[in-house]
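The numbering of the sequence shown is this note's numbering, which starts it at 2 and goes up by one.
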Amino acid sequence: MSRLSGGLRKYGPFPFVLYLLCSLTASHALGAKRAEMAESFNATVVPFMKSYCIDCHSGDAPEAGFDLEKFRSWEEVTTTGRKKWSSVLDMLVTGSMPPKDYDQPGGEELQGVLTWVQDALSTVDCDGPVNPGRETIRRLNRVEYQNTIRDLVGIDYKATESFPADDVGYGFDNIGDVLSTSPLLFEKFYEAADEIASRAIVTDKSQLIPKSELPLAGFKLKHGNVSGRQLSFPSNNTGSYELEVEPGVYTVAIFAHASQSGDEPAKMGVRVGHKENRTFAVDNEAPSEHPMEIKMRVPRGKLPLEVAFLNDHYDPDNPDPSRRDRNLFINRIELRGPDTNLEDRYPASHRQIIFLKPGQQGLDEKQAAQQVIARFASRAFRRPVTKGEMERLMILYEMAKEDGLNYEAAIREVVVGILCSPNFLFKVEESTEGSEGPLPMGSYSLATRLSYFLWSTMPDEELLQLAWKGTLRQNLDVQVVRMLADPKAKQLTENFAGQWLEMRKLENVQPDRHRFGNFDHKLSADMQTETEMFFQSIIDEDRSVLDLLGADYTFLNQRLAEHYQIDGVKGNHFRRVELNDGRRGGILTQASVLTVTSNPTRTSPVKRGKWILDNVLGTPPPEAPADVPTLESQKKLTGSLREQMKQHRDNAACASCHARMDPIGFALENYDAIGQWRTKDAGFAIDATGEMPGGRKFDGAAGLKKLLLEEKRDEFVHNLISKATTYALGRGVEYYDECAIQAVKFEMEKSGYRFSSMIQAIVHSEPFQKRGG
2 MSRLSGGLRK
12 YGPFPFVLYL
22 LCSLTASHAL
32 GAKRAEMAES
42 FNATVVPFMK
52 SYCIDCHSGD
62 APEAGFDLEK
72 FRSWEEVTTT
82 GRKKWSSVLD
92 MLVTGSMPPK
102 DYDQPGGEEL
112 QGVLTWVQDA
122 LSTVDCDGPV
132 NPGRETIRRL
142 NRVEYQNTIR
152 DLVGIDYKAT
162 ESFPADDVGY
172 GFDNIGDVLS
182 TSPLLFEKFY
192 EAADEIASRA
202 IVTDKSQLIP
212 KSELPLAGFK
222 LKHGNVSGRQ
232 LSFPSNNTGS
242 YELEVEPGVY
252 TVAIFAHASQ
262 SGDEPAKMGV
272 RVGHKENRTF
282 AVDNEAPSEH
292 PMEIKMRVPR
302 GKLPLEVAFL
312 NDHYDPDNPD
322 PSRRDRNLFI
332 NRIELRGPDT
342 NLEDRYPASH
352 RQIIFLKPGQ
362 QGLDEKQAAQ
372 QVIARFASRA
382 FRRPVTKGEM
392 ERLMILYEMA
402 KEDGLNYEAA
412 IREVVVGILC
422 SPNFLFKVEE
432 STEGSEGPLP
442 MGSYSLATRL
452 SYFLWSTMPD
462 EELLQLAWKG
472 TLRQNLDVQV
482 VRMLADPKAK
492 QLTENFAGQW
502 LEMRKLENVQ
512 PDRHRFGNFD
522 HKLSADMQTE
532 TEMFFQSIID
542 EDRSVLDLLG
552 ADYTFLNQRL
562 AEHYQIDGVK
572 GNHFRRVELN
582 DGRRGGILTQ
592 ASVLTVTSNP
602 TRTSPVKRGK
612 WILDNVLGTP
622 PPEAPADVPT
632 LESQKKLTGS
642 LREQMKQHRD
652 NAACASCHAR
662 MDPIGFALEN
672 YDAIGQWRTK
682 DAGFAIDATG
692 EMPGGRKFDG
702 AAGLKKLLLE
712 EKRDEFVHNL
722 ISKATTYALG
732 RGVEYYDECA
742 IQAVKFEMEK
752 SGYRFSSMIQ
762 AIVHSEPFQK
772 RGG
């Protein structure tokens, strides 16, 4: 039984029968589609190629090595020719082909071929063998590394500040094909591993002794007052301070230097309590990190401390100016102690790694080290460490011991090695054993893929236990629900939604200060918070993904509410706010999106239209040709922005793309470049009417949202699934993933498009569950 049919049976017989009928209908429809595509290829595409393409792209030496004549049937286009015909589509859409000095096709003639190629490239046989695709092995990106170190080691390491930015592919920074590992980056990995291990593991018990710096300003001088950042003694004087201490052994460490004069160095007297009285010669003339120390055991209570300059000397006639005056300077005083209960002072990171010590459970030092290393390596590799790997790690441990390191320090060296291992730095995915062809992913690899999809971090103990028992696949739905309810699921908002909706770009947006003086870093952060809280509410409340476009609520604080001209929101904290004026609602009217899709000095219908085509509908226009002039560079353009855009589109190089983007972007013209509502722009009344490719008209943001939800729902849902699948797999979606995408969409429709149904269906899909053979 297939996964899909098995899932349907739990809903009773009717949905299952319906699914079978749909499958049979789909197979019949595909057969009809094939006949239609073949007929259209011969009637439309072949004549087009003969008229505009074959003269150059055929024969023994076709232009650019691109022979179109060999494609004699539509099946050849959709099998061996997909990549080349994708290039054909790009060339035709951008107007790069036919060349400008050759005969050009008419509009209807060109559109007929474009439609056919798009249909051909999106047609896939779901009854054929499954192709789950093959991903490039993926390195942990900066965010994943940072989160994994937090959960594995228990410390906060700022990888986003230490490592270079990750490259982006298909809109995301977790794509295997672009996550390269340069020698410089590997050097950074080693430096990070060394720092992390040093911070996490205590190798000397003295590191556990509390240390505090006494405030020099708190000292009382017998003569004069304290000034500056040090205690200065230009003449014999005494400074006193009183401490409140717990019982135990303490060390007072005094960092001092002196200017010298006469035959002896400066002398400093130190009295601690009523018994310890020492005199130190201070012969260094510059601050030093080597203190003078007094160690003693004291009871609980008040502990007086006195520091005195004992031997002032002044010789104004000395020929060496630097030897005329002897003065004492106290730079810093530290109190170290008490040295009691040190076992309780080990940080959580240390206890998390070194959970066993020699002598515990009857283990000698090597046996304890083996267990500590095996557990850490298994957690770091996200699977049980192998016998061969353990042998190599223990060799590293033994070498450290031979160099004279203690138990903890030797384990620290092994931890550094583990954190530099490809098995930690890369998500190494393994299949179950079997014959050639697509194979189910191993349980540990599936747990890893699931955890980095939803949490951007390593699997937790529950996932690893299910993988170890071999029962993870049977419990995927339960685990998805659990994981989405976990606070770590906020990573899905920050890293998936943050990149899909382009929120990460917001911090780099700098609107013109003269035109938008109320925009600052705080307002930008508030904009981002609104969108993040809104998307998180879709996850937490398991709402329909359609609410991303049409919700009647958002999250605001007073500053952002005033920006939106919404009354009744007081205070800096964010709270849920119901919307009822029709101006706001859903991501399209949030200031974050509106600001990211604007220029510094004005709105950009082009950017906003392109953003909707790409991120909402999944039909991105091609990149603009390099030689197309910007709107600002065309000084002769006049009138409202809409009128200037129309004049700009009169440029033939601009027309084809702008005809798709501009009419959509104009729907958001009531929102200025930082998302504020307006009815006029530069004195001209706003015209927010728009038009979809294909001619469907609408009015303003409300009309656009209504059209998207009623007539473009399938395109939006399909695109969201494609984006989420790309993020989940760490690779771009290919034509052979279409069957999986349609299966996810089918599951979502049954649930009312709930967010969890999309995640569960993606996790159950063939591309997520299997690896190509």
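Yeah, the Cβ is synthetic: ideal placement off N, Cα and C, and Gly gets one too.
Asked: Report yes if the C-beta distance between residue 732 and residue 354 is below 8 Å; otherwise report no.; Found: no
Asked: Cβ of residue 331 within 7 Å of any heavy atom in the ligand NAP?; Found: This structure simply doesn't include the ligand NAP, nor any ligand for that matter.
Asked: Using only alpha-carbon positions, find the residue among 572, 200, 216 that is nearest to residue 789.; Found: With the chain represented from 2 up to 774, any question about residue 789 goes unanswered, as that position is not in the structure.
Asked: Does the distance from the CB of residue 527 to the CB of residue 561 come in under 8 Å?; Found: yes
Asked: Should residue 286 and residue 253 be called a contact, given that it needs their Cβ atoms to be closer than 8 Å?; Found: no
Asked: Short check: CB of residue 75 to CB of residue 39, under 8 Å?; Found: yes
Asked: Assign residue 691 to one of two classes, buried (16 or more other C-beta atoms within 10 Å of its C-beta) or exposed (fewer than that).; Found: buried
Asked: For residue 706, count the other beta carbons within 10 Å of its own beta carbon; 16 or more makes it buried, fewer makes it exposed. Which is it?; Found: buried
Asked: Return the CA-CA distance between residue 143 and residue 446, expressed in angstroms with no decimal places.; Found: 20 Å
Asked: Once DSSP output is grouped into helix, strand and coil, what is the label at residue 197?; Found: helix
Asked: So, at 6 Å on beta carbons, what are the nonlocal neighbours of residue 703 in its own chain, with the 5 sequence-adjacent residues on each side left out?; Found: 583
Asked: Do you know offhand how far residue 22's Cα is from residue 351's?; Found: In this prediction, residue 22 has a pLDDT of 37, which is less than 50 and means its spatial position is unreliable; nothing more can be read from the coordinates.
Asked: Are at least three pairs of beta-carbons, each pair with one atom in the stretch 263-281 and one in the stretch 297-305, less than 8 Å apart?; Found: yes
Asked: What's the gap between the Cα of residue 147 and the Cα of residue 386?; Found: 22 Å
Asked: Are the beta-carbon atoms of residue 170 and residue 773 separated by less than 8 Å?; Found: no
Asked: Under 8 Å Cβ to Cβ from residue 83, same chain only, skipping five residues before and after it: list those, please.; Found: 122, 736
Asked: Is it buried or exposed, residue 255, if we count other Cβ atoms within 10 angstroms and call 16 or more buried?; Found: buried
Asked: Given this structure, state the Cα-to-Cα distance separating residue 119 from residue 709, to the nearest angstrom.; Found: 21 Å
Asked: Skipping 5 residues on each side, what residues in its chain have a beta carbon closer than 7 Å to that of residue 713?; Found: 618
Asked: Kindly list the residues whose CB is nearer than 6 Å to the CB of residue 300, restricted to its own chain and excluding five residues on each side of it in sequence; keep chain order.; Found: 248
Asked: Give the DSSP-derived three-state secondary structure of residue 295 in the structure shown.; Found: strand
Asked: With DSSP collapsed to three states, give me the class of residue 125.; Found: coil
Asked: Below 8 Å, can you find three or more Cβ-Cβ pairs linking the stretch 361-370 to the stretch 213-225?; Found: no
Asked: Pick from 515, 516, 520: whose alpha carbon is nearest that of residue 507?; Found: 520
Asked: If we require 3 or more residues per run, which beta strand (DSSP E) segments fall completely within the stretch 196-262?; Found: 212-214, 232-234, 238-246, 249-260
Asked: Between the stretch 338-349 and the stretch 256-267, can you find at least three pairs of beta-carbon atoms closer than 8 Å?; Found: no
Asked: Buried or exposed for residue 419, please, with buried defined as at least 16 other CB atoms from any protein chain shown within 10 angstroms of its CB.; Found: buried
Asked: Residue 460 and residue 448: beta carbons closer than 8 Å?; Found: yes
Asked: So, at 7 Å on beta carbons, what are the nonlocal neighbours of residue 125 in its own chain, with the 5 sequence-adjacent residues on each side left out?; Found: 736, 737, 739, 740
Asked: Looking at C-alpha atoms only, which residue of 750, 751, 771, 745 is the closest neighbour of residue 760?; Found: 745
Asked: Let me check understanding here. Comparing Cα to Cα, which of 501, 716, 542, 590 lies closest to residue 755?; Found: 542
Asked: For residue 280, which beta-bridge partners are listed by DSSP?; Found: 270
Asked: For residue 568, does the count of other Cβ atoms within 10 angstroms reach 16, so buried, or fall short, so exposed?; Found: exposed
Asked: Excluding sequence positions up to five away, which residues of its chain have a Cβ less than 6 Å from the Cβ of residue 594?; Found: 588
Asked: Which class does residue 314 belong to by DSSP, given the choice of helix, strand or coil?; Found: strand
Asked: Measure the Cβ-Cβ separation of residue 478 and residue 602 and say whether it is below 8 Å.; Found: no
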